Amino acid sequence: MAATQPLRISSTVAARKGIGFITTQAQERPVTLTTHGKPIAVVMSAAERDDQLRLLRDVELKVLSMAANLVADRSAMLTTDQVRERLLGTD
1 MAATQPLRIS
11 STVAARKGIG
21 FITTQAQERP
31 VTLTTHGKPI
41 AVVMSAAERD
51 DQLRLLRDVE
61 LKVLSMAANL
71 VADRSAMLTT
81 DQVRERLLGT
91 D
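Anchor point for the sequence shown: position 64 equals 64 in our numbering, and the numbering is continuous, going up by one each time.
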C-alpha cells in the first residue's frame, strides 16, 4: 500500500509538528519515530496494518499447512491394535 518512502522523524520534531501531521503522513506512508537516531515506534494507517495482519495470517496458515503435510508424509498408519500395543507397552 505504501507507495512512497517511509518517513523517519525524531520524536522531538514529531511532538512539535503535532499528532495531526503524523496521522496525515501515516495515511500516505509509515512514519518511524526516532530517539537519538534509533527507531522507537512506527505509525501507519489502519488499512496498512490490516493488510500486514492479513498477510501474516496467510503466511501462518501456509506454514502450518506445510508442516502438517510433512508430518503426514512421515507418519505411518497404524492399526488400533498396534496403537494399543505401543501405548500399553504390550507385545
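Ideal placement from N, C-alpha and C gives every residue a C-beta, glycine not left out. On a predicted model such as this, the values are computed, not experimentally measured, just so you know.
Beta-carbon proximity of residue i to residue j, cut-off 9 Å
i	j	result
T32	L7	yes
V13	P30	no
S75	I40	no
Enclosing beta strand (DSSP E) for residue i [first to last residue]
i	result
T12	It is not in any beta strand (DSSP E) - T12 instead sits in the alpha helix (DSSP H) that spans S11 to K17.
Residue interval of the alpha helix (DSSP H) (run including residue i)
i	result
T80	T80 to L88
Neighbour-count burial assignment, residue i, 16 or more Cβ in a 10 Å radius
i	result
Q52	exposed
Q25	buried
M44	buried
Close Cβ partners of residue i (< 8 Å) along its chain, the five nearest in sequence each way excluded
i	result
R86	L78
Proximal residues to residue i (C-beta, below 7 Å), its chain only, five neighbours per side dropped
i	result
E28	T4
### Complete runs of the alpha helix (DSSP H) confined to the stretch 12-60 [at least 4 residues]
19-28
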